[in-house]
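Heads up: the sequence shown begins at 0 in numbering that gives the first Met the number 0, then just goes up one per residue.
Backbone N, C-alpha and C fix where the C-beta goes; we use that ideal spot for every residue, glycine too.
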Amino acid sequence: MSPSRSRVSPRIRRILRRLANGGATVLFGLYGLAARLHAAIRPWRGAQEPIHRILVIRLDLMGDVVFSIPALEALARTFPQARVDVLVLPYTAPLLRTVPAVGKVHELDVNAYRRWRGWPSVSALLASIGKLRSERYDLAVGLSGRMGGVFAVLCGARWRLGYGPETYSGCYQLGVDDCRYRRPVHEVDYCLDLLGVLGIDSGQPVQTASDASSALPAGAARPSLPREGWPPLAVDLEPSSPYVVLVPGASNGRAKRWPTLSWGGLGDRLSRELGLRIVLCGGQDEGPLGREIARAMREPVQDLIGWTSVPKLAGVLLHASLVVAGDTGPLHLAAALGTPVVGIFGPTDPVNTGPLGEYTAALRLGLPCSPCYDLRSPAECKLPDKSVICMVQLPVNRVFDAARDLLTRTSSEAPVPSSTP
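Right, dumping it as structure tokens:
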């Protein structure tokens with residue numbers, strides 16, 4: 000690429016992006032005026048409204064999809080005559096195909112169209128929209144920010160529900176004036192609270208773990224996935240041979256990652272002192288991270304980073320004695336499968352995205368500068384020196400002690416050996 004082209008192209012891309020965003024704002028705004036006029040003439044009638052097909056739009060990461068499961072189940076209970084379908088990213092689709100409350104699972108990689116090289120295949124996008132419109136949805140529920148509102152309109156649903164400030168004005172007739180991180184509630188509650196517009200009682204708010212196992216109140220919603228139907232375990236992994244899964248990566252910001260040497264030190268202690276096999280899991284682009292941790296460890300480690308699909312990952316997490324991870328999808332997937340988990344938090348807040356389950360722990364230092372994450376950008380350190388002290392200064396001893404305590408609580412056959420001095 001020539002120097003002149005490299006200087007011009009980014010500027011042109013920014014201009015085109017602003018024009019596209021401005022055009023979408025105008026178009027959806029005009030569409031919204033017509034929708035509000037329709038709603039004024041024929042308002043929502045609550046339980047009397049004939050709802051037979053519902054589409055829930057969750058074009059987010061794995062953890063967000065897991066957190067939406069209680070809302071999907073609440074919709075299915077409230078509208079037993081209706082089919083509750085979902086629109087998700089292709090890699091998360093296998094998870095929701097295991098949820099009994101879910102009917103059809105539509106897949107769409109919207110991230111491909113956020114890059115210019117994805118637009119030559121726009122015909123596939125138009126075909127997906129046409130397929131959604133052919134379902135003739137009565138109600139669309141947007142749970143994924145801007146794209147939730149956009150596809151609530153594009154699917155042609157008669158009624159559209161979502162948090163208005165998260166998308167273009169006019170996308171929702173049943174819009175709620177709220178936005179994530181505006182109030183300290185868990186993502187599960189945030190999804191359920193939206194359904195209150197439909198007369199669905201969200202019940203008691205969930206409680207997340209804080210340096211201890213979480214005790215959910217009676218009736219509190221918790222994401223749950225079936226423990227059957229997942230692929231066989233990886234070679235050399237057997238439930239009779241206890242192992243712990245470490246997930247060192249994070250797909251939405253480097254500041255969510257605990258240091259490599261800390262992961263290595265934790266793995267060595269779990270192996271040496273508790274007799275557990277160490278298994279690393281993560282995404283396909285995190286291979287170098289796994290190799291760094293393996294080199295930092297003195298004890299043997301089985302590196303499955305990049306090897307597993309999401310269903311195979313679920314099988315590995317399901318049979319683990321424990322999962323230790325940052326605030327990332329596999330942490331919440333493991334908790335939904337009922338596996339004990341320890342979550343390491345820094346820029347994100349466990350009040351919003353902490354692991355939910357009977358045996359979960361969320362660890363954080365609680366520094367004045369954290370949590371600092373919001374939806375406007377990936378989780379990156381906002382300090383001038385980018386030191387990520389909220390993660391760097393979290394000691395291995397504290398994570399090891401939380402892991403040992405959870406293992407002790409979940410062990411029904413023999414106590415876990417105590418830590419050596």
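Item, Value
"Between the alpha carbons of W262 and F78, how many angstroms are there, rounded?", "46 Å"
"With a 10 Å radius around its C-beta and 16 neighbouring C-beta atoms as the bar for buried, classify H331 as buried or exposed.", "buried"
"Looking at the unbroken beta strand (DSSP E) that takes in L245, where does it start and where does it end?", "242-246"
"For L405, is the classification buried or exposed, using 16 other Cβ atoms within 10 angstroms of its Cβ as the cut-off for buried?", "buried"
"Return the chain-ordered ranges of every alpha helix (DSSP H) run that is complete within the stretch 249-330 and spans a minimum of 4 residues.", "259-273, 286-295, 309-317"
"Unbroken alpha helix (DSSP H) runs of length 4 or more, entirely within the stretch 331-403: which are they?", "349-352, 388-391"
"Check each candidate in H185, C368, P394, V109 and name the one with the smallest Cα separation from G62.", "H185"
"To the nearest angstrom, how far is the alpha carbon of D59 from that of R397?", "31 Å"
"Between V243, V121, P287, R256, which has its C-alpha nearest G266's C-alpha?", "V243"
"Give the range of the beta strand (DSSP E) segment to which V175 is assigned.", "173-175"
"With a threshold of 16 other CB atoms inside 10 Å of the CB of S5, please say whether the residue is buried or exposed.", "A caution first: S5 carries a pLDDT of 41, below 50, which makes its placement in the model unreliable, though a value can still be read off. By the 10 Å Cβ count, S5 comes out exposed."
"On the criterion of 16 or more Cβ atoms from any shown chain inside 10 Å, does L160 qualify as buried, or is it exposed?", "buried"
"Using 10 angstroms around the beta-carbon of T24, count the other beta-carbons present and answer buried if the total reaches 16, otherwise exposed.", "exposed"
"Label N351 either buried or exposed according to how many other C-beta atoms from any shown protein chain fall within 10 Å of its C-beta, with 16 as the threshold for buried.", "buried"
"Is there contact here, the stretch 179-196 with the stretch 337-356, by at least three beta-carbon pairs under 8 Å?", "yes"
"On the DSSP letters alone, give me the boundaries of the beta strand (DSSP E) that R159 sits inside.", "158-162"
"Please work out which residues of its chain come closer than 8 Å, Cβ to Cβ, to R135, disregarding the five sequence neighbours upstream and downstream, and give them in chain order.", "R52, G155"
"How big is the Cα-Cα spacing for T259 and V391?", "10 Å"
"For I56, which three-state DSSP category applies?", "strand"
"Look at G286 and G305 and say whether their C-beta atoms are less than 8 Å apart.", "yes"
"Starting from the Cα of W229, find the closest Cα among W158, L94, R181 and give me that residue.", "L94"
"Using 8 Å as the Cβ pair cut-off and three pairs as the minimum, do the stretch 286-295 and the stretch 366-386 touch?", "no"
"To the nearest angstrom, how far is it from the Cα of A254 to the Cα of V340?", "20 Å"
"On the DSSP bridge assignment, give the partners of V109 in chain order.", "Looking at the DSSP assignment, V109 forms no beta bridge with any residue, so it has no partner."
"Under the criterion of a Cβ to heavy atom distance below 7 Å, does A139 qualify as lining the ligand ADP?", "This structure lacks the ligand ADP; in fact it carries no ligand of any kind."
"So does the stretch 99-113 actually touch the stretch 367-374, counting three or more Cβ pairs closer than 8 Å?", "no"
"What's the gap between the Cα of L215 and the Cα of A126?", "Any reading at L215 is ruled out, since the residue's pLDDT is 43, under 50, leaving its predicted position unreliable."
"Got a sec? Which residues, its chain only, sit under 7 Å from P310 by beta carbon, not counting five neighbours each side?", "P93, W229, P230"
"Provide the residue span of the beta strand (DSSP E) that contains G141, from first to last.", "138-141"
"Quick one: what does DSSP say D63 is sitting in, helix, strand or coil?", "helix"
"Nearest to A401 by alpha carbon, out of A324, E48, L74, C389?", "A324"
"So for L86, helix, strand or coil by DSSP?", "strand"
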